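Read the structure below first, then the notes.
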Amino acid sequence: TLSDRLAAIFQRLRSRGKLTESDVSEVLREVRVALLEADVNLGVVRDFIAAIRERAVGAEVLESLTPAQAVIKIVHDGLIDMLGGTTEPLHFAPTGPTVIMLVGLQGSGKTTQAAKLAARLREAGRRPLLVACDVYRPAAITQLTTLGEQVDVPVYEEGAGDPVGIARRALEQARRVGNSVVLLDTAGRLQIDEPLMRELASLKAAVSPLESLLVVDAMTGQEAVNVAKTFDERLALTGMILTKLDGDARGGAALSIRAVTGKPIKFIGVGEKVNALEEFHPDRLVSRILG
Amino acid sequence: LLGRKLLDDQFWEELEETLIAADFGLPTTEKIVGDLKIAAQQQNLTLADDVIRVFKTDVADYIKHPAMAPVAASTKPHVVLVVGVNGSGKTTTIGKLAAQDRKQGRSVMLVAADTFRAAAADQLAVWAQRSGAELVRHTEGGDPAAVVFDGLAAAKARGIDVVYVDTAGRLQTKHNLMEELKKIRRVIERAVEGAPHETLLVLDATTGQNALSQAKLFHDATNLTGIVLTKLDGTAKGGIIIAIMDQVDLPVKYIGFGEKVDQLRPFDPRGYVEALF
Ligand SMILES: Nc1nc2c(ncn2[C@@H]2O[C@H](COP(=O)(O)OP(=O)(O)OP(=O)(O)O)[C@@H](O)[C@H]2O)c(=O)[nH]1
Ligand SMILES: Nc1nc2c(ncn2[C@@H]2O[C@H](COP(=O)(O)OP(=O)(O)OP(=O)(O)O)[C@@H](O)[C@H]2O)c(=O)[nH]1
Ligand SMILES: [Mg+2]
Ligand SMILES: [Mg+2]
Chain A
1 TLSDRLAAIF QRLRSRGKLT ESDVSEVLRE VRVALLEADV NLGVVRDFIA
51 AIRERAVGAE VLESLTPAQA VIKIVHDGLI DMLGGTTEPL HFAPTGPTVI
101 MLVGLQGSGK TTQAAKLAAR LREAGRRPLL VACDVYRPAA ITQLTTLGEQ
151 VDVPVYEEGA GDPVGIARRA LEQARRVGNS VVLLDTAGRL QIDEPLMREL
201 ASLKAAVSPL ESLLVVDAMT GQEAVNVAKT FDERLALTGM ILTKLDGDAR
251 GGAALSIRAV TGKPIKFIGV GEKVNALEEF HPDRLVSRIL G
Chain B
1001 LLGRKLLDDQ FWEELEETLI AADFGLPTTE KIVGDLKIAA QQQNLTLADD
1051 VIRVFKTDVA DYIKHPAMAP VAASTKPHVV LVVGVNGSGK TTTIGKLAAQ
1101 DRKQGRSVML VAADTFRAAA ADQLAVWAQR SGAELVRHTE GGDPAAVVFD
1151 GLAAAKARGI DVVYVDTAGR LQTKHNLMEE LKKIRRVIER AVEGAPHETL
1201 LVLDATTGQN ALSQAKLFHD ATNLTGIVLT KLDGTAKGGI IIAIMDQVDL
1251 PVKYIGFGEK VDQLRPFDPR GYVEALF
């Protein structure tokens, strides 16, 4: 782990006498290695190291009896800060249905997370409606209606058609019937796919979601930054969901996407079943990223 | 990087950044840059373009990409097992491969061995219909090994040329799911001599360093013969395949570059390396 490696480094440095600033620079290089290994974006790693450098080469470390632990604490605190510190909840409209739109790359877990959110909202006493806005992927609608049945939440679908029109009519139905939350499941798309990104912008303009959540696979590599940045610029995201954290991916993408958008990670997906959704806790993810 | 002329520190730094950004990973990046610095010295290179040229040649030469095991008319059916983590593009890739086989006049059967995920068999059914392939499926929630058993029995009975077995996405660290995969493989081995003739790991190009763990653990469990790198139409480069080739000795056989049926082609190392810059 990083703390083991830092402890080993400091032991060697210490044997040469008093710690110096350049010694700690060597240590910060090790932190850089650990973060890159964990898939944190290179630019984000650079900014992070620069942000903690002053504290890392200060008396707190140089004069500590346990400098490795002192550095780990600085890194840990810095990462928690970067992730926003606290858990940010979903926001709901004071009156009328709250629209939540789920967006992201192909296969990131949008449809599954939509069902998980629906189950959670239903359990919380709200009346959610799932909306099938993915008219492209084979059997996408069947996937959502099957999941809807599993969580006992109605699914609005019109088969193939215009996703914007489908969302509009779903919202009208929600108002008529009294659904308090409308969850839009959209098709996976590349952030560089102009027509599909415009489709999302139109969707947003048509139904004014209170929450636009980017669904990101926890194993995403360096491109997480470009993906998140583009989706955020085009849609003004309100939050993110990090999925497949039940695997052994370190999840550095979380830092990257938070750093570049400033938006909070609201939930994490921790399994394929519909109950596998948890609130995001920065401290748990930081421990995981630091290995 | 391409605009740079001199072999200065800034060039080497930007080359390193380019490789890390492409998900090569730090160890592989440092090794490649280290080797290039030596080559630059030995070959008396002075221009950035020369180093880039050496890089492209060396990396392309290093990348293994043998073709898929040939579909011999004698071994029927030719069986391809497709595995990988959730959402990587397995089902879609099978649809594309099936279409290619059909174009060459081969009969194809798709086996819906993902009995867990909602509408998995329905999704495969659409691809079967699109490519004119047959389909074997059971009801959702059943035993995947049973579908494979039935599928292969049917394929043999009907004289099918090629069978693709679509499996459920699974994270490589899930012990029980990897055991399930081993069981599926045993069923295939018992049903058809020499099968599976190909076992493909479908890997999403947007994946970071975890791809290495995926390759290792899927290889341990089910003897992979190659990788399909998908979603290369996006901005991610999937550079981790270099480390995978180095540490797990697996070739990339195909790349997926879109969601349509014709957006799959044999991996071309030169094209791949060109696209890095
Ligand atoms: N292990 C695990 N698998 C997950 C999680 N969330 C989703 N999945 C799986 O990931 C795969 C993709 O999920 P989908 O919900 O279909 O993803 P999507 O973003 O809707 O995909 P597209 O609509 O094609 O873009 C499926 O096999 C899901 O079961 C999670 O938190 N953990
Ligand atoms: N852009 C792009 N999308 C792809 C590519 N290959 C697959 N996809 C998309 O990725 C998503 C997931 O594809 P699937 O074929 O369902 O993936 P899978 O591995 O079978 O997923 P699970 O069975 O749930 O594990 C779908 O939206 C596909 O259309 C590709 O090469 N490029
Ligand atoms: Mg979906
Ligand atoms: Mg599938």
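Chains A and B are the protein sequences, given in the same order.
Position 125 of the first sequence, counted from 1, bears residue number 125 in my numbering, the numbering being contiguous throughout.
Position 30 of the second sequence, counted from 1, bears residue number 1030 in my numbering, the numbering being contiguous throughout.
Ideal placement from N, C-alpha and C gives every residue a C-beta, glycine not left out.
Since the model is a prediction, treat every value here as computed from it, not as a measurement.
The C-beta distance from A:L2 to A:G271 rounds to 27 angstroms, too long to fall under 8 angstroms, and the pair is not in contact. A distance below 6 angstroms between beta-carbons, with the five flanking residues on each side excluded, links A:V207 to the following residues of its chain, in chain order: V99, A167 and L171. Residue-level contact by beta carbon fails for B:L1203 and chain A, as no gap is shorter than 8 angstroms. In the three-state reduction of the DSSP assignment, A:T186 falls in the coil class, being assigned neither a helical nor a strand state. Residues of chain B with a Cβ closer than 8 angstroms to the Cβ of A:I192 are, in chain order, G1234 and T1235. Legend: CB atoms of the segment 230 to 256 of chain A lying less than 8 angstroms from CB atoms of chain B belong to residues K244, D246, G247, D248, A249, R250, G252 and A253. Rounded to whole angstroms, the gap between the alpha carbons of A:A236 and A:G104 is 13 angstroms. Residue state for A:S212 is assigned as strand, using DSSP reduced to three classes. Listed by position along chain B, the residues whose Cβ is nearer than 8 angstroms to that of A:N226 are T1235.
Assigned with DSSP and collapsed to three states, A:P154 falls in coil, not helix or strand. The segment 225 to 244 of chain A makes no contact with the segment 1222 to 1231 of chain B, as fewer than three CB pairs between them are under 8 angstroms.
Looking at the DSSP output, B:P1266 bridges to B:Y1254. Not flagged as an interface residue toward chain B: A:S202, since no C-beta distance is shorter than 8 angstroms.
By the rule that beta-carbons nearer than 8 angstroms mark a contact, A:V33 touches chain B.
Annotation: A:I9 to A:R250 spans about 23 angstroms, alpha carbon to alpha carbon. When DSSP states are grouped into helix, strand and coil, A:E278 belongs to the strand group. For A:P138, the secondary structure class from DSSP, reduced to helix, strand or coil, is coil.
In this structure, DSSP gives B:L1015 a helical state, which the three-state scheme calls helix. Listed as beta-bridge partners of A:G159 by DSSP are no residues whatsoever. Residue B:T1018 holds the alpha-carbon nearest to the alpha-carbon of B:A1275 among B:L1007, B:T1018 and B:W1012. Taking non-hydrogen atoms of ligand 3 into account, the C-beta of A:G104 is found less than 7 angstroms away from none of them. Among the residues facing chain B, A:G85 is not included, as its CB has no counterpart in that chain under 8 angstroms away. Of the candidates A:G85, A:R5 and A:I265, A:R5 places its Cα closest to the Cα of A:Q69. In this structure, the CA atom of B:T1167 is about 8 angstroms from the CA atom of B:L1081.
By the 16-neighbour rule on beta-carbons within 10 angstroms, B:S1074 is exposed.
By DSSP's assignment, B:E1134 forms a beta bridge with B:M1109. Inter-segment contact for the segment 59 to 73 of chain A and the segment 276 to 285 of chain A is absent: fewer than three beta-carbon pairs are separated by less than 8 angstroms. Under the DSSP assignment, A:F267 falls in the beta strand (DSSP E) whose first and last residues are I265 to G269. When DSSP assignments are scanned along the segment 1131 to 1179 of chain B, the uninterrupted stretches of alpha helix (DSSP H) that are 4 or more residues long and fall wholly within it turn out to be 1144 to 1158. Spanning the alpha carbons of B:K1216 and B:L1224 requires a straight line of approximately 9 angstroms. Annotation for B:G1169 indicates a beta carbon within 7 angstroms of some heavy atom of ligand 4. Closest in C-alpha terms to B:D1150, from the list B:V1136, B:V1162 and B:L1036, comes B:V1136. Near ligand 3, residues with a Cβ at less than 7 angstroms from any of the ligand's heavy atoms are A:K110, A:T111, A:D134, A:R137, A:A140, A:Q143, A:D185, A:A187 and A:G188; the list follows chain order. Here A:A119 has V151 and V274 as same chain residues with Cβ atoms under 6 angstroms from its own Cβ, once five neighbours each way along the sequence are excluded. With 16 or more other Cβ atoms from the protein chains shown falling within 10 Å of its own Cβ, B:A1133 counts as buried. Under DSSP, A:A228 shares a beta bridge with no residue.
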